[in-house]
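Read the structure below first, then the notes.
Chains as they are written, first to last, in full-length UniProt numbering: chain A, 1 to 406; chain B, 1 to 290.
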């Protein structure tokens, strides 16, 4: 008991020091003539790797590009951006506290979203109450349409789990009716927000299209040792394997499928597949793997964005949330310029109008005009569905054999 | 199916044991409850990654560099950071509390340094991932290497601790540091040596684990937690106990994932842990405290 109370004191002490540190950071002189942008983001904790891939580099790169160009064009003035940044340590309590501090103490002009579905849901009501717009760049939730009604300045950029699942199921249905795959699907999901949302939606969508789920289970968050699952699925005769997984699990599953030589005709893995890390890790074996997202690298705007991202961050952006995040930052910049003032309500009104010129073309935050299903083809993660979209690539089918490991 | 579940469970358990054996030495002999243990495992993973990707040194060869380096680093940590705590502690309980506090701070320092150098991203590299057939079950070669190391270290240390003079000294210090002094054992040296040795084992664990797990700067606490369970389950300070406890957990997880539900793998770990604590509170191989 003594140990635990001392431990608690230590935790408190550590927390206080961290708080004082960040508070000092925020208390820096409030110079006029800057547009103050604040955000709380997971620099540490379990959310950090995701935030570091999809969110942080984009925020930093955007601020740098804007400031290098002299700042935001507001009326006839150029106003540079000043950033107030906190680490939310991947905890929603911490994120809420930091956002409140940004609003009440730092009095920033605009707040960018934290990383992940959970944290975005946690901070949404506070931002709404204080009249801040909320461009939730990395949240997937079936409640998205209701949420944007409830908090009218919130935009749920990655949409709902159902849309990805439905698009995937429709796509698979086409393959099934072409006689290319059988009706058996093996599905696993990580037992966390994203995996649960998508597997629920996926189950419904797949059953609607008369697929039989021969395997349908979840695995705990953080688990990378999924060899037993892969081995069992291998014996079930499914042509389609669907994993709504998070990055460590995505890599673990791919690795173990390769070791066990489990090579279904469609191999769909979750978050992390569209990360550059995936290609670095598996090289030629990434070929043919299917996932969420996608990028038309033949589109000069996308190609240019990827090039600038590499130059800035030293690595490629992921091919899903990064692109949408970037489009939302472009929208914000244009909304401020169109509003011609730093008045929050004026900017919010412009954001709601949409029609921004972004890497996703003409865009309004919340539009789902990006790839829902993509595939690694020749070292690029390209978009394959919705098939009606411009630049949709043909699916490489069936998935090529694993070339084997080093 | 059964044979595959058992074999993959054994490799998984080997990994748990490997990561836990250093902690059992540090906690059992040096009496330092090292909360920064997992961070030191992760440091070794990153070191292996850097050696592999920038210098092209394969991780198993890299061990030749990283084991002594980690031994030295942990020696220094003990001498500089922990020695004053040992000197002023009036009893074992006080040392435990103080060492928890000190290593809790160390945890943040190590994590902070890693964050500055490597950022928060995931890291992973490809090494020895080819499949090896073991009685009809395809297992990744790197996992077999990790299992091999776990077994060799486990049995090797068991023999060293029970058959050699220094081993006997270490055990004496583990049982009763006060009386060990009376038979001319240099308790300070033994404790420092055991701590550094534990650190070296953490490095071995980190390097081998990095061959097949995706890791990031924030993963240390995962290793510490798992290692703590294995250490307490196996009996504090007992290397063979850590090996057996690790294997039991690994096999149980694999069987549950295959025959019941993969969602219950973490639950089964804690159920077994609780059962052991209820039936044998000092751990599987632990001595009942008088």
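Here a beta-carbon is modelled for each residue, glycine too, at the ideal position from N, C-alpha and C.
Are the CB atoms of residue 391 of chain A and residue 298 of chain A nearer to each other than 8 Å?
yes
Output yes if chain B places a C-beta closer than 8 Å to the C-beta of residue 403 of chain A; else output no.
no
Distance between beta carbons of residue 285 of chain B and residue 250 of chain B, contact taken as under 8 Å
Wrong, their Cβ atoms sit about 17 Å apart, outside the cutoff.
On the criterion of 16 or more Cβ atoms from any shown chain inside 10 Å, does residue 110 of chain A qualify as buried, or is it exposed?
buried
Distance between residue 227 of chain B and residue 277 of chain B (C-alpha atoms, nearest Å):
16 Å
Mind listing the chain B neighbours of residue 261 of chain A? Cutoff is C-beta to C-beta under 8 Å, in chain order.
131 and 138
Taking the Cβ atom as the reference point for each residue, do residue 356 of chain A and residue 334 of chain A lie within a distance shorter than 8 Å?
yes
Please name the residue in B:210, B:53 and B:231 whose C-alpha comes closest to that of residue 22 of chain B.
B:231
According to DSSP, what are the bridge partners of residue 135 of chain A?
A:155
Across which residues does DSSP place residue 213 of chain A in a beta bridge pair?
A:185
As assigned by DSSP and simplified to three states, the class of residue 36 of chain A:
strand
If you follow the alpha helix (DSSP H) that residue 242 of chain B is in, where does it begin and where does it stop?
239-259
Are residue 190 of chain A and residue 155 of chain A close, meaning C-beta to C-beta below 8 Å?
no
List the residues of chain A that residue 273 of chain B touches, going by C-beta distances under 8 Å, in chain order.
Correct list: empty, because the minimum Cβ distance to chain A is about 15 Å.
Beta strand (DSSP E) segments (min. 3 residues) lying fully within the segment 294-323 of chain A:
none
Which complete beta strand (DSSP E) runs does the segment 229-303 of chain A hold, if anything under 3 residues is left out?
240-244 and 266-268
Would you call the CB atoms of residue 309 of chain B and residue 127 of chain B closer than 8 Å?
Because chain B here runs from 1 to 290, residue 309 of chain B falls outside it and cannot be looked at.
Check the DSSP bridge columns for residue 356 of chain A and list the partner residues they point to.
A:363
Which listed residue (B:209, B:260, B:269 and B:235) has its alpha carbon closest to that of residue 281 of chain B:
B:235
Cross-strand partners of residue 111 of chain A (DSSP beta bridge):
A:38
How would you write the range of the alpha helix (DSSP H) that residue 195 of chain B sits in, first residue to last?
187-210
Just to make sure I have the definition right: I need the residues of chain B whose C-beta is within less than 7 Å of the C-beta of residue 225 of chain A. Which are they?
12
Which residues in chain A sit within 9 Å of residue 122 of chain B, going by Cβ to Cβ distance?
49, 50, 52, 53, 247, 248, 251, 272, 275 and 277
Can you give me the C-alpha to C-alpha distance between residue 113 of chain A and residue 34 of chain B, rounded to a whole angstrom?
36 Å
Considering just the uninterrupted stretch of the beta strand (DSSP E) at residue 382 of chain A, what are its terminal residues?
380-385
I need the DSSP call for residue 87 of chain A, collapsed to helix, strand or coil.
strand
Pair every Cβ in the segment 292-310 of chain A with every Cβ in the segment 247-254 of chain A, then say whether three or more of these pairs are closer than 8 Å.
no
Counting only Cβ-Cβ distances shorter than 7 Å, please list the residues of the segment 247-276 of chain B near chain A, keeping chain order.
254, 257, 258, 261, 262, 263, 265 and 266
Beta carbon of residue 81 of chain A, beta carbon of residue 71 of chain A: below 8 Å?
yes
Would the segment 260-272 of chain B and the segment 37-44 of chain B be scored as touching if the rule is three or more Cβ pairs under 8 Å?
no
Helix, strand or coil for residue 133 of chain B? Go by DSSP, reduced to three states.
strand
CB-CB under 6 Å to residue 169 of chain B, same chain, minus the five flanking residues each way: which ones, in chain order?
185 and 190
Give the interface partners of residue 152 of chain A over in chain B, defined as CB-CB distance under 7 Å, in chain order.
Under the 7 Å cutoff, chain B gives no residues; its nearest Cβ is about 33 Å from residue 152 of chain A.
Among all the DSSP beta bridges, which residues are the ones paired with residue 56 of chain A?
Its beta-bridge partners do not exist; DSSP assigns none.
Spatial neighbours of residue 113 of chain B in its chain, beta-carbon cut-off 6 Å, leaving aside the 5 residues before and after:
none
What residues from the segment 176-204 of chain A come within 9 Å of chain B, judged by C-beta to C-beta, listed N to C?
188 and 191
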